[in-house]
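Shown next, in structure tokens, is the structure this report addresses.
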Amino acid sequence: MTGTGDEAYDIPIRCLAITRFTPLASIEAMQTDICHALRCTGVLVQEHMHSDYPNFELFRHQLALHGRHEGPRFVFDTNLNHNYDHHGQSIYDAWTLPRFSFLTDSPARKLDKLGAFPNIGMIGVVDADFIELLSILKAPGKGAIPFQHAGPPPRKRMRPTAERPIDVMIVGNVSSKLSTAEWLDSADKGDPVLRRVLETCFEDCRTSDKSQWSALLAHAQERGYGISTPSTLCDLLQSLETHVIANRRRDILSCLGGYRTVFIGGGEATTDLAVDPEIDVRGSLAYLDVLDLMEQTKIVIDVSPSFRNGAHERVFYALSRGAYVLTEPSRFLTHEVESDLGISFLPYDSAGVGNAVRAILDRGPAELDTVRQRAVAHYADTHTWSQRVATLMPAIQKLYWPSAAIAA
0 MTGTGDEAYD
10 IPIRCLAITR
20 FTPLASIEAM
30 QTDICHALRC
40 TGVLVQEHMH
50 SDYPNFELFR
60 HQLALHGRHE
70 GPRFVFDTNL
80 NHNYDHHGQS
90 IYDAWTLPRF
100 SFLTDSPARK
110 LDKLGAFPNI
120 GMIGVVDADF
130 IELLSILKAP
140 GKGAIPFQHA
150 GPPPRKRMRP
160 TAERPIDVMI
170 VGNVSSKLST
180 AEWLDSADKG
190 DPVLRRVLET
200 CFEDCRTSDK
210 SQWSALLAHA
220 QERGYGISTP
230 STLCDLLQSL
240 ETHVIANRRR
250 DILSCLGGYR
260 TVFIGGGEAT
270 TDLAVDPEID
280 VRGSLAYLDV
290 LDLMEQTKIV
300 IDVSPSFRNG
310 AHERVFYALS
320 RGAYVLTEPS
330 RFLTHEVESD
340 LGISFLPYDS
350 AGVGNAVRAI
360 LDRGPAELDT
370 VRQRAVAHYA
380 DTHTWSQRVA
390 TLMPAIQKLY
400 WPSAAIAA
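Take 0 as the starting number for the sequence shown in numbering that gives the first Met the number 0 and just add one per residue.
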């Protein structure tokens, strides 16, 4: 078996990539792009497409073959989904089969899956602050590393600004229609102290680049509210995150009149949105169709206030299509914003989003084309999946095969 540190391999690393079929989400496209980046480093990747109706016998055969391989090998999956037991033990631990899981959400949304994660596993997080949250949640495994969202290589031909008929595009579900008062009524459990904690935490998360989990713990400690279990913490964080995102998206959509704007998204509150009648509301679309529309868009607005030390994949996929990006303030993107590399931060006050859009469009097509050239070059060197994999693979090799000579 591998992993003893004594072998000298003259064969490349193998990876079994387990991909979930998610045509209306980005996960499938991202994992395909990550697999391409892995192959470019010399990793031999076999992909398995998983769905609600899998050919489980085929999958079991693939996994068994991968597990029996005596050279360096690992399993790559997304969002901790593929936990399997072998006689009451994680199959990965039983087979000494390393596993890397790419966690695209807050760990607070995956507590149940964390409990089944193998001791031999490693987690990649899209926000570096989540490493500390995983520690607080006492996540099993070998630890976590930053594996921020990224994107594919940029398109070879970029439409100039003058050939982009859509001024603004917003992508994202609106999963709650509750006002802040209604949300507090549903979340405070009749406890006035908890209500005040949530109320002040919401304001803090809405007006700063603090991570939601650290803000919640700080406000709870300040007011003497005890969060006694990981389950309680995660329940509160999920409720807070859902409201922060939905509130922000509703507010921004209500302030975007006067532009050729396309909104793509679903969720229970979508039909009740108070949006300008000029906004083209298209509902949910297949992710590849969204990417096609990004190529026709001048500005993609990313409304994802969950990642204050990371960024949503929409930021990077939009850059790969040559769109300018307006996104949530994030410590991870400070350099790009300060250096005018195709990204600006949304104002914390949603009422200012129209002025932010106007300031970008007023730069004119020629200047925006110049910015695009600079931004795409920086993106290609810094924020593609190839850069993320270049950080991942040395970490995997150091952890699982520290003394082995791995063929490229």
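By construction, the Cβ of each residue, glycine as well, lies at the ideal position given by its N, Cα and C atoms. Keep in mind it's a predicted model, so treat the numbers as computed, not measured.
If you reduce the DSSP assignment to three classes, tell me which class residue i lands in.
i, result
"Tyr378", "helix"
"Gly353", "helix"
"Arg320", "coil"
"Gly4", "Confidence at Gly4 is low in this model, with a pLDDT of 41, below 50, so the placement of that residue is unreliable and no value is reported for it."
"Thr77", "strand"
"Lys297", "strand"
"Val167", "strand"
"Gly66", "helix"
"Ser434", "Within the shown structure, residues of the chain are numbered from 0 to 407, placing residue 434 beyond reach of any answer."
"Phe58", "helix"
"Ile144", "strand"
"Phe315", "helix"
"His86", "coil"
"Val37", "Checking the sequence shown, residue 37 turns out to be Leu, not Val. The answer is helix: DSSP assigns Leu37 an H, G or I state."
"His363", "Per the sequence shown, the amino acid found at residue 363 is Gly instead of His. Here Gly363 sits in helix by DSSP."
"Leu43", "strand"
"Thr160", "helix"
Is the beta carbon of residue i sitting closer than 8 Å to the one on residue j?
i, j, result
"Arg163", "Thr296", "yes"
"Arg313", "Val124", "no"
"His81", "Gln61", "no"
"Asp203", "Arg330", "no"
"Pro145", "Tyr378", "no"
"Ala127", "Val173", "no"
"Leu391", "Lys141", "no"
"Val302", "Glu327", "yes"
"Ile122", "Ala107", "no"
Can you round the beta-carbon distance between residue i and residue j to whole angstroms, since I take them to be within the 8 Å contact cut?
i, j, result
"Leu340", "Ala355", "The pair is not a contact, with the Cβ atoms about 17 Å apart (cut-off 8 Å)."
"Glu294", "Arg320", "5 Å"
"Leu215", "Leu235", "6 Å"
"Gln386", "Ala149", "7 Å"
"Ala460", "Tyr316", "Since the first and last residues shown for the chain are 0 and 407, residue 460 lies out of range."
"His49", "Ile26", "Contact doesn't hold; Cβ gap of about 11 Å is too wide."
"Leu132", "Trp212", "5 Å"
Across which residues does DSSP place residue i in a beta bridge pair?
i, result
"His49", "Arg19"
"Leu197", "Per DSSP, none; premise fails for Leu197."
"Arg72", "Arg13"
"Ser305", "None, per the DSSP bridge assignment."
"Asp126", "Gly309"
"Val261", "Met168, Asp279"
"Leu101", "Position check: residue 101 holds Phe in this sequence, whereas Leu was assumed. Phe101 is bridged to Thr77, Gly123."
"Ile342", "Val324"
Within a Cβ cutoff of 8 Å, which residues of the same chain sit near residue i, ignoring the five residues on either side of it in sequence?
i, result
"His86", "Ala93"
"His35", "Pro151, Trp384"
Closer than 7 Å by C-beta to residue i: which residues in its own chain qualify, once you throw out the five before and the five after it? Chain order, please.
i, result
"Asp84", "Ile90"
"Gly189", "none"
"Ser105", "Phe129, Leu236, Glu240, Ser305"
"Ile298", "Asp166, Val167, Ala322, Tyr323, Leu325, Val356, Ile359"
"Val196", "His218, Ala219, Arg222, Tyr224"
"Val336", "Ile342, Ser343, Phe344"
Check whether the Cβ of residue i lies closer than 8 Å to any Cβ atom in chain D.
i, result
"Gly171", "Although the question refers to chain D, the structure presented lacks it and comprises just one protein chain."
Only counting the same chain, and skipping five residues up and downstream in sequence, which positions put a Cβ closer than 6 Å to that of residue i?
i, result
"Gly353", "Cys254"
"Thr1", "Low confidence applies to Thr1: its pLDDT is 39, below 50, so where it sits in the model is not reliable, and the reading given next is rough at best. Contacts found: Pro71."
"Ser283", "Leu23, Gly265"
"Val44", "Cys14, Ala16, Cys34, Leu37, Arg38"
"Glu221", "none"
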